[in-house]
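As you go down the protein sequences, you meet chains A and B in turn.
Numbered by the numbering used here, the letters in the first sequence go through residues 36 to 268 in order.
Numbered by the numbering used here, the letters in the second sequence go through residues 36 to 268 in order.
C-beta atoms are modelled at their ideal positions from N, C-alpha and C, and glycine is treated no differently.
Number of protein chains: 2
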Amino acid sequence: MSPAKKDAGAPKKGERTRAKILDTALALFQEHGYEATTMRRIAEGAGVALGNAYYYFESKEHLIQGFYAKTHVEHLAACEPILAREKDLVARLKGVLHAKVDTAEPYHRISGVLFKSAADPKSPLSPFSSASAPVRTDAIELMRRVVDESDGRLPKDLAERLPEMLWLHEMAIILFWLHDESPGRARTRHLIDRTADLVAKLVSVASFPLMKPLRTSALELFDELKHDATPGA
Amino acid sequence: MSPAKKDAGAPKKGERTRAKILDTALALFQEHGYEATTMRRIAEGAGVALGNAYYYFESKEHLIQGFYAKTHVEHLAACEPILAREKDLVARLKGVLHAKVDTAEPYHRISGVLFKSAADPKSPLSPFSSASAPVRTDAIELMRRVVDESDGRLPKDLAERLPEMLWLHEMAIILFWLHDESPGRARTRHLIDRTADLVAKLVSVASFPLMKPLRTSALELFDELKHDATPGA
DNA sequence: GTCTATAACCGGATAGAC
DNA sequence: GTCTATCCGGTTATAGAC
Numbered sequence: 036m037s038p039a040k041k042d043a044g045a046p047k048k049g050e051r052t053r054a055k056i057l058d059t060a061l062a063l064f065q066e067h068g069y070e071a072t073t074m075r076r077i078a079e080g081a082g083v084a085l086g087n088a089y090y091y092f093e094s095k096e097h098l099i100q101g102f103y104a105k106t107h108v109e110h111l112a113a114c115e116p117i118l119a120r121e122k123d124l125v126a127r128l129k130g131v132l133h134a135k136v137d138t139a140e141p142y143h144r145i146s147g148v149l150f151k152s153a154a155d156p157k158s159p160l161s162p163f164s165s166a167s168a169p170v171r172t173d174a175i176e177l178m179r180r181v182v183d184e185s186d187g188r189l190p191k192d193l194a195e196r197l198p199e200m201l202w203l204h205e206m207a208i209i210l211f212w213l214h215d216e217s218p219g220r221a222r223t224r225h226l227i228d229r230t231a232d233l234v235a236k237l238v239s240v241a242s243f244p245l246m247k248p249l250r251t252s253a254l255e256l257f258d259e260l261k262h263d264a265t266p267g268a
Numbered sequence: 036m037s038p039a040k041k042d043a044g045a046p047k048k049g050e051r052t053r054a055k056i057l058d059t060a061l062a063l064f065q066e067h068g069y070e071a072t073t074m075r076r077i078a079e080g081a082g083v084a085l086g087n088a089y090y091y092f093e094s095k096e097h098l099i100q101g102f103y104a105k106t107h108v109e110h111l112a113a114c115e116p117i118l119a120r121e122k123d124l125v126a127r128l129k130g131v132l133h134a135k136v137d138t139a140e141p142y143h144r145i146s147g148v149l150f151k152s153a154a155d156p157k158s159p160l161s162p163f164s165s166a167s168a169p170v171r172t173d174a175i176e177l178m179r180r181v182v183d184e185s186d187g188r189l190p191k192d193l194a195e196r197l198p199e200m201l202w203l204h205e206m207a208i209i210l211f212w213l214h215d216e217s218p219g220r221a222r223t224r225h226l227i228d229r230t231a232d233l234v235a236k237l238v239s240v241a242s243f244p245l246m247k248p249l250r251t252s253a254l255e256l257f258d259e260l261k262h263d264a265t266p267g268a
């Protein structure tokens with residue numbers, strides 16, 4: 036009766052070990068940086084053997100996926116009050132992006148390494164990879180809320196693709212943020228405000244009925260290109 | 036008289052060894068990929084001891100700087116006939132970008148790894164780093180030729196910044212290309228043609244005298260943001 | 001002082017016993 | 001599912017050769 040003894044609802048057998056390893060790793064990454072943190076040190080801190088850490092996580096890099104998920108959850112929480120309060124599309128967009136910068140701030144030091152693989156299509160860490168699909172999908176859904184629950188009216192074809200476009204915009208902001216050493220990330224915040232205004236202008240221009248042909252061909256191009264870049268989406 | 040014996044103009048003492056190591060490394064990277072190529076194998080292939088390779092190159096990654104320089108030179112050569120032939124800005128831009136895709140094609144397999152550090156501000160391999168400044172500056176100069184020797188007339192303030200903007204555009208194209216597995220990189224080529232047309236339209240609209248205020252504020256934003264992203268440029 | 005070679009070190013990853 | 005013992009390859013220290 037030993038394996039069947041546990042009650043349903045309790046954290047499964049080794050699930051606790053897994054969480055312990057991840058938490059330890061993230062804490063050490065934050066304190067000493069990614070490179071300086073060895074797998075041996077993580078295992079030691081988590082109270083397990085080195086090999087055991089590899090039983091739960093394929094590689095050191097795979098620990099980072101957990102990091103993505105964690106910061107994303109924090110971002111979601113920070114967005115709730117903003118989305119409840121603001122109804123204007125631009126205000127919602129700015130709010131969500133500033134919240135991203137806010138919640139990511141504690142990890143600025145190590146984020147460079149964490150996003151290292153953004154450009155490597157084969158890496159599971161790339162935001163475009165299928166391994167990143169869960170978080171990516173969720174982040175796009177957040178942008179869908181930004182758009183759908185705003186008080187503006189948009190043509191259907193545009194409203195459909197806009198969330199993905201805004202997610203790409205967010206990725207670009209993050210890339211800029213990685214290189215931003217200005218106090219308070221002032222430059223990134225400026226970039227957010229200016230490009231959000233730009234997005235609003237583009238959207239409103241693109242929404243004129245007269246713009247339909249141009250809009251259609253632009254959206255077709257987007258669809259076509261998307262296919263290749265994000266096979267999982 | 037042994038050290039002073041050599042004639043001026045001959046390839047300096049160890050300069051040959053350096054070149055041998057680099058050539059061997061690039062060949063092996065291309066054949067087996069970056070990860071699979073060990074420093075021991077490179078040293079062996081170049082006929083030197085392992086430690087010797089580190090005398091000439093700080094790290095395995097530093098071998099990649101040589102790679103950047105090499106492909107850039109090839110790109111420059113490929114652009115000459117295009118720039119001599121075409122005088123229309125769009126045609127010149129498309130020609131230069133397609134040439135980039137052409138010359139980079141043999142290295143597509145390994146480029147993912149090579150650009151891994153694009154997002155890491157601390158890495159000397161980042162295209163924005165000061166270590167990459169020589170190649171970056173040269174690539175921007177190429178874009179300046181694309182603009183300056185074209186037959187269109189541009190307002191001075193725009194013509195001044197356009198080369199840097201076009202270089203950023205090129206970086207974005209390359210990022211897309213890294214993820215592009217379509218035959219003949221058809222999607223990247225499509226992206227080039229469509230965005231080059233878009234650039235042309237934007238440039239011509241921005242050149243209207245009536246657009247001067249908007250153009251000025253857009254260029255000011257660009258100047259302001261550039262400062263942080265590329266301290267070396 | 002410029003270059004080359006040998007022998008470690010260190011840390012990510014794996015094999016296989018318990 | 002957890003451990004111990006190794007492997008493997010990037011990197012470094014160091015001793016010498018030209």
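Chain A beta carbons: is any one of them nearer than 8 Å to that of residue i?
i, result
"B/Leu210", "yes"
"B/Lys40", "Low per-residue confidence applies at B/Lys40: pLDDT is 39, beneath 50, and the placement is therefore not dependable enough to give any value."
"B/Arg222", "yes"
"B/Arg229", "yes"
"B/Gly267", "In this prediction, B/Gly267 has a pLDDT of 42, which is less than 50 and means its spatial position is unreliable; nothing more can be read from the coordinates."
Considering just the uninterrupted stretch of the alpha helix (DSSP H) at residue i, what are its terminal residues?
i, result
"B/Phe211", "Lys191 to Leu213"
"B/Arg72", "Sequence inspection shows Thr at residue 72 of chain B; the Arg mentioned does not correspond to that position. Counting along the chain, B/Thr72 falls outside any alpha helix (DSSP H), and DSSP gives it neither H nor E."
"B/Ser146", "His143 to Leu149"
"A/Glu121", "Looking at the DSSP string, A/Glu121 is not in any alpha helix (DSSP H), and its letter there is neither H nor E."
"A/Ser310", "Nothing can be reported for residue 310 of chain A: it is not among the residues displayed for chain A, which extend from 36 to 268."
"B/Leu233", "Ala221 to Ser242"
"A/Leu85", "Leu85 to Tyr91"
"A/Ala54", "Glu50 to His67"
According to DSSP, is residue i part of a helix, a strand, or is it coil?
i, result
"B/Glu115", "helix"
"A/Pro156", "coil"
"A/Asp137", "helix"
"A/Glu255", "helix"
"B/Gly101", "helix"
"B/Glu96", "coil"
"A/Lys261", "helix"
"B/Pro218", "helix"
"A/Lys47", "coil"
"A/Gly80", "helix"
"B/Ser162", "It is Pro, not Ser, that sits at residue 162 of chain B in the sequence shown. Looking at B/Pro162 - three-state DSSP - the assignment turns out to be coil, as it is neither helix nor strand."
Does any residue of chain B bring its CB to less than 8 Å from the CB of residue i?
i, result
"A/Phe257", "no"
"A/Asp155", "yes"
"A/Ser37", "Reliability fails at A/Ser37, whose pLDDT of 45 lies under 50, so the model's placement of it is uncertain and the value that follows must be treated cautiously. Not an interface residue."
Going along chain A, which residues have a C-beta under 7 Å from residue i?
i, result
"B/Leu226", "Leu260"
Can you name the residues of chain B whose CB is closer than 8 Å to the CB of residue i?
i, result
"A/Lys151", "Lys151, Ser152, Ala154, Asp155 and Ser158"
"A/Phe163", "His214"
"A/Gly147", "Ala154, Asp155, Pro156, Lys157 and Ser158"
In chain B, which residues lie with their C-beta within 9 Å of the C-beta of residue i?
i, result
"A/Arg250", "Neighbours of A/Arg250 on chain B: none; closest Cβ ~14 Å, over 9 Å."
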